[in-house]
Each structure stands twice: as C-alpha cells, then as structure tokens.
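Numbering (our numbering), first residue to last: 473 to 714. Remarks on the structure that follows.
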Ligand SMILES: Cc1ncc(COP(=O)(O)O)c(C=O)c1O
C-alpha cells in the first residue's frame, strides 16, 4: 500500500502546528499498520494533491454549462472529464459524479426511486450488507421499510429462492444488489422471475467484476423487468449508484 510520502505540511505547520501534528500522526499510523477495512481507499499522492487543489474553493452548484455561480469554466472542464471517465468505466450512457461518498450516492438513488416508507429488499447486514441497507443507525433504516435477504449457509452465496419469496410477499419498490462484503459475483438470475420490477441499485463492493473497467462493456446492466408488478416500480434507468 502506498501512503503519500509527504504532506504539504509546512504551510499548515506555520498556521496551525497542532493540526499539522494530527495529520502527520495519521500518515504515520497508515504507514506503519495494516489496514483491513475493505471500504477504505488509500489514494495516490496525485489524488491527494487534486483533493487539496484550488478547485476545493469553488462553489459550483448546477451542472457544467448550467451553473448558478460565475467563474465555473474550469470546474466545468473538471466535471465533464470526470463524467466521461465514469461513463467509460461503467459503460454507462449517463453519469453523475457529484456525490461525495458511497452513502450519499446511495441516498441519491433512493431519493430518485423511492418514497419514505417504501419497502426495499437488500442484503441483510449480518450477511454482508451495508449500513445503507436498512440499519436503524442509518437514514435508510429510519426512512424506508427494509427487508433483509441473506446467503445460503452452505455455499455462502445469495439465497435466490429467499429473494424471490420475499419479493413476492413483500412486493418491494426496489431490490438493492450490492454489499460491503460478498465473496461471490452478483447475478440477476432471480430477477427474471421476480414479481417486482428490479431497480438494480448497485453499490460498492470490494470485488469488482470483470467488465467494469475502462474499455470493457459492463456485462450486468440494470434490469427493468415488466413482469407482474402490481404497482409502478421506479428504476434507476441503467445507472448504477456508488
Ligand atoms: C455497499 C456500500 N454502500 C455504501 C458505502 C458507504 O460509502 P462511503 O463510506 O463512501 O459513504 C459503502 C462503504 O463501504 C459500501 O460498501
């Protein structure tokens, strides 16, 4: 793992030596201990430099070419570049790169697809789901009616029969396919028989399946089945959150 060899600490040290020591302390901790949290990203020095650039000063509400503030021409170039790269990476027709983290990306997807109180199926936390999959400690568990599905005891793989039964009985507005820790590959095999239309809200997983890298077309795309759904189900339209 590469940890940035140098923090631009001189300026900070002159201004705020106490905070400079905190930053250096964290650099020391990361450099000398083993990090095993799958969700953490140890960025390159180049990414760290970009995060601390003057772009961080800029107020740029809206979208490239349609901002609410002046002076956004450089921010627009940066955002368009990020959108193009995200579209390439996921083989997507559209990408929104304005979410700041996985959780806010998931929140954006839920806000687009659901209404408060809607029922949603997601991988249960003890089976590898994430806090955003309905934990009471998270907005998802407070705002929506989450029902957890799980993995088969023997194989450790998603129990598709259970997903199917839950989809039939609970009639969710969306089924979240994603995990924080799942060793298998996500498939949509049960979606074809699901009584609900699938809104595939794909969230971050430590294991990136092939087909997700630039130049490759993503194989598993959002399914919008028009099966026997009794009530309208919203769909993310092929865009993956997170
Ligand atoms: C599936 C899933 N959703 C959401 C998140 C939250 O991401 P963030 O910590 O960037 O908000 C994670 C983080 O690991 C995740 O694995």
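Glycine is no exception: its CB is placed at the ideal position from the N, C-alpha and C atoms.
Buried or exposed for residue 525, please, with buried defined as at least 16 other CB atoms from any protein chain shown within 10 angstroms of its CB.
-> As a position in the chain shown, residue 525 is number 53, starting the count at 1. It counts as exposed.
Between the segment 617–625 and the segment 578–598, do three or more beta carbon pairs fall short of 8 angstroms?
-> With a cut-off of 8 angstroms, the segment 578–598 and the segment 617–625 count as touching, because enough Cβ pairs lie within range.
Residue 619 lies in the beta strand (DSSP E); which residues open and close that run?
-> The residue labelled residue 619 in the question sits at position 147 within the chain shown. Here the beta strand (DSSP E) through residue 619 covers 617–621.
Residues bridged to residue 534 (per DSSP) | As a working note, residue 534 is residue 62 in the chain shown. Paired residue(s): 539.
Distance between residue 486 and residue 493 (C-alpha atoms, nearest Å) = Taking the first residue of the chain shown as position 1, residue 493 is located at position 21. Taking the first residue of the chain shown as position 1, residue 486 is located at position 14. Distance between the alpha carbons of residue 493 and residue 486 is about 11 angstroms.
From residue 539 to residue 634, what does the alpha carbon distance come to, in whole angstroms?
-> Looking up residue 539 in the chain shown gives position 67. Looking up residue 634 in the chain shown gives position 162. Going by the C-alpha atoms only, they are around 46 angstroms apart.
Using only the heavy atoms of ligand 1, determine whether one of them is closer than 7 angstroms to the beta carbon of residue 602.
-> Position 130 of the chain shown holds residue 602. Set against 7 angstroms, the gap from the CB of residue 602 to the closest heavy atom of ligand 1 is smaller.
Compare the beta carbon distance of residue 654 and residue 606 with 8 angstroms and say whether it is the shorter of the two.
-> Here residue 654 corresponds to residue number 182 of the chain shown, with the count starting at 1. Here residue 606 corresponds to residue number 134 of the chain shown, with the count starting at 1. Cβ atoms of residue 654 and residue 606: not closer than 8 angstroms.
Roughly how many angstroms separate the alpha carbons of residue 537 and residue 631, rounded to a whole number?
-> Within the chain shown, numbered from 1, the residue matching residue 537 stands at position 65. Within the chain shown, numbered from 1, the residue matching residue 631 stands at position 159. Their Cα atoms are separated by approximately 46 angstroms.
Return helix, strand or coil for residue 546, following the three-state DSSP convention.
-> On the chain shown, residue 546 is found 74 positions in, with the first residue counted as 1. Annotated three-state conformation of residue 546 is helix, per DSSP.
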